[in-house]
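Throughout the sequence shown, residue numbering follows our numbering, covering -19 to 407 in sequence.
We put the CB at the ideal spot given by N, CA and C, even for glycine.
Please read all numbers here as calculations on a predicted model, not as lab measurements.
In what follows, a structure is listed as structure tokens, so that the remarks can point back to it.
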Amino acid sequence: MAPVSSTSAVIRARGPRAGAARTATPRRDSDRVQVLPTDQPPEGATSPDARPRLSFAVPPARGKAPRHLADLDLAGRKQALREAGLPAFRADQLSRHYFTHFTRDAADMTDLPAAQREQLCAELLPDLIHEVRALRADGGRTIKHLWELYDGVRVESVLMRYRDRTTLCVSSQAGCGMACPFCATGQMGLTRNLSTGEIIEQIRHAGALSEAGGLAGGPARLSNVVFMGMGEPMVNYKNVVAALHRIIDPAPEGFGLSARGVTVSTVGLVPLIRKLAGEGLPVTLAVSLHAPDDELRDALIPVNSKWKVGELLDAAHDYFEATGRRVSIEYALIKDMNDHAWRAQLLADELNRRGHGWAHVNPIPLNPTPGSIWTCSEPEVQDRFVDTLRRAGITTTVRDTRGSDIDGACGQLATEVLKQERAAHTR
Ligand code: SF4
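Written out as structure tokens, the structure is:
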């Protein structure tokens, strides 16, 4: 789910707004206009009526990503080496090089017999992702990558250094079928699910880059991974859960990151939230809510037509009960669309009705985008929204918006590079 990470939350759309006229911010909530998601065609729409369609179907595979060590658990890796006529016990050493030292280069693996190194790497460590672009922002503390996969599809990841942590936002799908009208990835539709190896490779690159001092401030340890890049992780459930194991499980199975630093974000696929709660993986669940009322959310998050706000919050609360992990409620504040104080009160009431202290709300300020319906709230409106939540006893933290100067929202860099390449071809 894209727009909830601190970086990918920066929703920006272009083009004229066909909604109500704007004046100075009214003092009373009841005087405020109501802009609707349908007041403007989605970004990239080819006609005024064009709307991306919600789709759960994954298009037929055009092939399969090459098998990778990270697709398999340790027993599977041993089996794969045995079948290739290689000593199975080497799977352990190969896994430590990959997950602990972030390398897939045979030359680094000097504890392996020289005669076998290349063959072992060729068998289980194929090259899965290639860098197309790397853009830096925030004084070098944020790096956004555009990757090309084995079949030419492209995905993005964003690495962000904070005072107390280093976080990678990963993609779990190429494109997305959830059709959110504010999201550049949603306009692409779903191309395919990423394999576990393709997800994990984004993380290995980030781990290596952080450790080598690639972010401003010197060497850092990758501590957090958030599934908030391209795609809806729950639609790629099996590969995402396998990736969660590789992220959390200690070496040689995986990277051994703390589950507390891992977040899976969703627009609200209720049965799969319930399934994830039963996996025994205490990762944080982030729900991209963006509206507490079904009327608005039906238009803003198309999957709401299937699972309503009440069902979603029930499942989120049950997730908290099962895992003990406080749920993050992501709320992008969009001027005159969802930023009314009565909506903050409704959200607080809905959360408090289910218990106290189980959810944390993250309002996300958008970039100012004059002329677009997807623009930031007035500062005093944002303050009123946050105050309303806090006064109702809801822990609320306004997110920062890292990388907003590098096409930070998910799908924007891929779309921008594609446009540039097309322009270059037609010149
Ligand atoms: S369309 Fe997909 S990637 Fe974009 S916000 Fe919706 S769920 Fe996230």
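Is residue i close to the ligand SF4? I mean its beta-carbon at under 7 angstroms from any heavy atom of the ligand.
i    : result
E212 : yes
A159 : yes
G166 : yes
C101 : no
V133 : no
V341 : no
V247 : yes
C149 : no
C156 : yes
C356 : no
Could you compute how far the alpha carbon of residue i sits from the alpha carbon of residue j?
i      : j    : result
R62    : L49  : 14 angstroms
R145   : G241 : 9 angstroms
H336   : R371 : 13 angstroms
D53    : G236 : 14 angstroms
F82    : G119 : 25 angstroms
A231   : I281 : 39 angstroms
N332   : D273 : 15 angstroms
M214   : S357 : 30 angstroms
Q325   : L369 : 6 angstroms
V(-10) : W354 : Any reading at V(-10) is ruled out, since the residue's pLDDT is 31, under 50, leaving its predicted position unreliable.
A222   : S268 : 23 angstroms
G198   : M140 : 13 angstroms
P452   : R277 : With the chain represented from -19 up to 407, any question about residue 452 goes unanswered, as that position is not in the structure.
P262   : R334 : 20 angstroms
P67    : R84  : 18 angstroms
P345   : M89  : 46 angstroms
A117   : F69  : 43 angstroms
A328   : S285 : 22 angstroms
R(-3)  : G351 : Bear in mind that the predicted position of R(-3) carries a pLDDT of just 37, short of 50, making it unreliable; the figure below should be weighed with that in mind. If I take the Cα positions, the gap works out to 5 angstroms.
D51    : H77  : 16 angstroms
H340   : A55  : 39 angstroms
S238   : F79  : 14 angstroms
F36    : A296 : 21 angstroms
Q20    : R31  : 10 angstroms
E330   : S245 : 20 angstroms
D380   : E233 : 34 angstroms
D294   : G193 : 43 angstroms
E275   : W287 : 13 angstroms
So, at 8 angstroms on beta carbons, what are the nonlocal neighbours of residue i in its own chain, with the 5 sequence-adjacent residues on each side left out?
i    : result
R57  : L49, A71, L74, S75 and L104
P39  : L170, T171 and R172
R47  : A60, L104, P106 and G177
S190 : L139, R141, T146, P199, A200, R201 and L202
V366 : A324, P343, T376 and V378
A413 : Nothing about residue 413 can be reported from this structure: the residues present for the chain run from -19 to 407 only.
K255 : Y217
E259 : V221 and L224
Quick one: residues in its chain with C-beta nearer than 6 angstroms to the C-beta of residue i, no 5 flanking neighbours on either side, listed in chain order?
i    : result
E291 : V250
A444 : With the chain covering -19 to 407 only, the question about residue 444 has no answer from this structure.
R184 : F82
F300 : V307 and W338
A186 : L139, L148 and L202
T243 : V206, T264 and A266
E181 : L108 and I109
V133 : A154 and T171
Could you name the residues of the same chain whose beta carbon sits closer than 7 angstroms to that of residue i, not counting the 5 residues immediately before and after it, in chain order?
i    : result
M409 : Only positions -19 to 407 of the chain appear in this structure, which leaves residue 409 out of reach.
G373 : N332 and H336
H410 : Residue 410 is absent from the structure shown; the chain starts at -19 and stops at 407.
N216 : S152, Q153, N173 and L174
T303 : A257 and P262
A86  : R97, E98 and C101
W322 : D9
G43  : D131
State yes or no: is the beta carbon of residue i nearer than 8 angstroms to at least one beta carbon in chain B?
i    : result
A328 : Among the protein chains of the structure shown there is no chain B, as only one such chain exists.
*Are there three or more Cβ pairs, one per stretch, closer than 8 angstroms when the stretch 109 to 116 is compared with the stretch 124 to 133?*
yes
*Decide yes or no for the touch test of the stretch 189 to 206 against the stretch 86 to 103: beta carbon pairs closer than 8 angstroms, at least 3 of them.*
no
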